[in-house]
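In what follows, a single structure is set out as structure tokens and then discussed.
Protein chains: 2
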Amino acid sequence: MSKKRLFDDPCGIARALNAVGERWALLVVRELVFGPKRYSDLHRGLPQMSQNVLAQRLRELEADGLVRRRRLGPPAPAAVYELTERGQELEPVLRALAHWGSRAPLPEDGAAELSVDALLFALRATFDPALAGELSLRCQLDVAGDRFRITVAGGRLELDRGEHAEPEAWLTVPEAATLRDLVFAGAALHDAVERADTEVAGDTARLAALLRCFPAAVRYPAPQDPGPPDPVSPGPVSPGPESPNAEHPDPAVSARSRRG
Amino acid sequence: MSKKRLFDDPCGIARALNAVGERWALLVVRELVFGPKRYSDLHRGLPQMSQNVLAQRLRELEADGLVRRRRLGPPAPAAVYELTERGQELEPVLRALAHWGSRAPLPEDGAAELSVDALLFALRATFDPALAGELSLRCQLDVAGDRFRITVAGGRLELDRGEHAEPEAWLTVPEAATLRDLVFAGAALHDAVERADTEVAGDTARLAALLRCFPAAVRYPAPQDPGPPDPVSPGPVSPGPESPNAEHPDPAVSARSRRG
DNA sequence: CGGCATCCTTCAAGATACTG
DNA sequence: CAGTATCTTGAAGGATGCCG
């Protein structure tokens, strides 16, 4: 149990990175922000993370008081991991990263699935009150069997696991990619319904309005600085906002590969 | 120039970490938030970072469009690194991390110096409007020769490199640790002045009030969960001592080692 | 001297297999 | 299901060399 490699720097940023700066650590926290999960669920949400590293990160996060291991049962002797209070306080960090990262380029090989929790957290992080305006809606969401409740009111969005007592709209999608395309790739709701992989009910007009409250992420242009003697020009990184669509290179992946 | 190790995950958090998740990357950004710096200044602010890693991080940050290398001169052929617009947009991320990390435990061996920019950014991140109340002040700050201007008004704090046209108060400290003790360790202003390592002028009453607007960082308590029958993990990491203050082990290091 | 590039060592991360 | 054990790869750390 060798001591973890730490920044010897009293700066708060360095101290934070001492706790969550190791590779995968913040993604593990991301998988837990919506509630406790078992080891295998964590592994499902982060399939590219090797298991020994996952186990090690969990031990470190537990030692630092960000994650708590709880044993359920005895009927079903399953262990779950959940964020402590201290761990939940990382949400502003995740939110800031997700907001910034939503304008970062996608990795080239779009082979990876988007985990359900990752997608839902992206909604939390990229909700734009200006786009919401006066919209008010209680929506019940089902993504591949995971149920979430969304509440929009007063320019604010709440999003948690659970059930609304009296939803005004329902949206059921078979997998995360379907919702991803609806929200971030501008896929039309009625198209998804016609392909029969999506179900809607209730106030579909306001539901469609809700889906438009999340500004689509765009690739920002490469640091092409073709050498003008422009010492401090504001221009070069302007993310060419005149391309409101053209997001995911393959919006056709939506319908397929229903999991067993 | 082997390709960087990337998360193949379309989640915004993962995409952000692909840009700034490597070790030291965010600390390099921290050193640049207050303005351009030369390579050697960066190295001074991050003495524990080996130079090859610094050069590599700078190349990666430049390739990702977060940092721009600019050549000054020709009279003085010095190169400086500065944040692009995109890089400056990381400030909310740094702020969230610094705020969270200000309540994380200090590394055991407090041997490290706090870089000037790190300390000043900590002020930005931990300023508490509630503690400021109706305080209003323009203060000129000199930390080891680096000059900053602070403006507090309407429960907001601005802090940048530069000079106030008409400051209402002045504070001059010989090194970062002195200001650190004044702000975060509760050192008294008049004591510092009497030790002759600190100079104040102008409205010292409001200056003292300003210094009290930054809640001191404390070690957060161990994951004490005394309630449920938790058979596993007896919580061996409890840092134990309930010393509510006693922050910096050696508040006597303030006066000494003026750099040539 | 500032600004890196190179070489070598060490240790974390990645992949796979295996066990209670 | 929930991890641990083992092996390989590759990034970080440290020293030194080089070049304008």
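Respectively, the protein sequence lines represent chains A and B.
Heads up: the first sequence is residues 1 to 260, going by full-length UniProt numbering.
Heads up: the second sequence is residues 1 to 260, going by full-length UniProt numbering.
We put the CB at the ideal spot given by N, CA and C, even for glycine.
Amino acids of chain A, ordered along the chain, whose beta-carbon sits closer than 8 Å to that of residue i
i     : result
B:Q48 : F7, D8, D9
Residue i - DSSP class collapsed to helix/strand/coil
i                      : result
B:W24                  : coil
B:R156                 : strand
B:Q51                  : helix
B:G87                  : helix
B:G227                 : With a pLDDT of only 37 at B:G227, under the threshold of 50, the placement of this residue in the model should not be trusted; the figure read from the coordinates follows. Coil at B:G227, not helix or strand.
B:R103                 : coil
B:E113                 : coil
residue 280 of chain B : Residue numbering for chain B in the displayed model covers 1 to 260; residue 280 of chain B lies beyond these limits and cannot be assessed.
A:T178                 : helix
A:R195                 : coil
A:L61                  : helix
A:E31                  : helix
A:A16                  : helix
B:A188                 : coil
A:L6                   : coil
A:A201                 : strand
B:A169                 : strand
B:R69                  : strand
B:R216                 : This sequence places Ala at residue 216 of chain B; Arg is not what is there. Coil.
A:A96                  : helix
B:L130                 : It should be pointed out that residue 130 of chain B corresponds to Ala in this sequence rather than to Leu. Reduced to three states, the DSSP call for B:A130 is helix.
B:P251                 : Caution is warranted here: a pLDDT of 33 is assigned to B:P251, below 50, making its placement in the model unreliable, and the coordinate value is therefore given only provisionally. Residue state, collapsed to three classes: coil.
A:A209                 : helix
A:A118                 : helix
B:A125                 : helix
Amino acids of chain A, ordered along the chain, whose beta-carbon sits closer than 9 Å to that of residue i
i      : result
B:L106 : P10, R15
B:A125 : G12, I13
B:A118 : D9, P10, C11, G12, I13, A14
Cβ separation of residue i and residue j, assumed to be a contact under 8 Å, to the nearest whole Å
i      : j      : result
A:L120 : A:L159 : 6 Å
B:L210 : B:L137 : 6 Å
A:D117 : A:G45  : 6 Å
A:L26  : B:L135 : Going by Cβ atoms, the distance from A:L26 to B:L135 rounds to 35 Å, so no, they are not a contact pair.
A:A122 : B:C11  : 6 Å
B:L106 : B:V20  : Incorrect: roughly 23 Å between the Cβ atoms, too far for contact.
B:S115 : B:A176 : 7 Å
B:D9   : A:A112 : 5 Å
A:I13  : B:R30  : 5 Å
Identified DSSP bridge partners for residue i
i      : result
B:I150 : B:C139, B:L159
B:K37  : B:Y81
B:V183 : For B:V183, which the question treats as bridged, DSSP gives no partner whatsoever.
Same chain, Cβ closer than 6 Å to residue i, neighbours up to 5 away in sequence not counted
i      : result
A:R95  : A125
B:P231 : Residue confidence for B:P231 is low, a pLDDT of 36 falling below 50, so the modelled location carries little weight; the figure read from the coordinates is stated next. Closer than 6 Å at Cβ, skipping near neighbours: no residue.
A:A201 : W170
A:L157 : F127
B:L61  : V67
B:L6   : N18
A:V183 : L211, F214
A:R71  : A79
B:H164 : R138, Q140, R149
A:V173 : V143, L179, T198
A:R57  : W24, A25, V28
A:G35  : R161
Chain-ordered neighbours of residue i on chain A, where CB pairs are closer than 7 Å
i     : result
B:E89 : W100
B:L26 : I13, L17
Partners in chain B for residue i, counting only beta-carbon separations shorter than 8 Å
i      : result
A:V93  : V93, A96, L97, W100
A:D109 : D8
Cutoff 8 Å; reference residue i; Cβ partners in own chain excluding five residues on either side
i      : result
A:S40  : none
A:Q88  : V33
B:T204 : A169, L189
B:P51  : Note that residue 51 of chain B corresponds to Gln in the displayed sequence, not to Pro. For B:Q51, where only same-chain residues beyond five positions count, the Cβ hits under 8 Å are H43.
A:P167 : R138, C139, Q140, R149, G202
Cutoff 7 Å; reference residue i; Cβ partners in own chain excluding five residues on either side
i      : result
A:S178 : One detail in the question is off: residue 178 of chain A reads as Thr in this sequence, not Ser. Cβ neighbours of A:T178 beyond the five flanking positions: A192, D197, T198, S254.
A:G155 : P129, A132
Contacts that residue i makes with chain B (C-beta to C-beta distance below 9 Å)
i     : result
A:N18 : G101, A104, P105, P107
A:R30 : C11, I13, A14
Partner residues on chain B for residue i, Cβ-Cβ distance less than 7 Å
i      : result
A:A112 : D8, D9, P10
A:A122 : C11, G12
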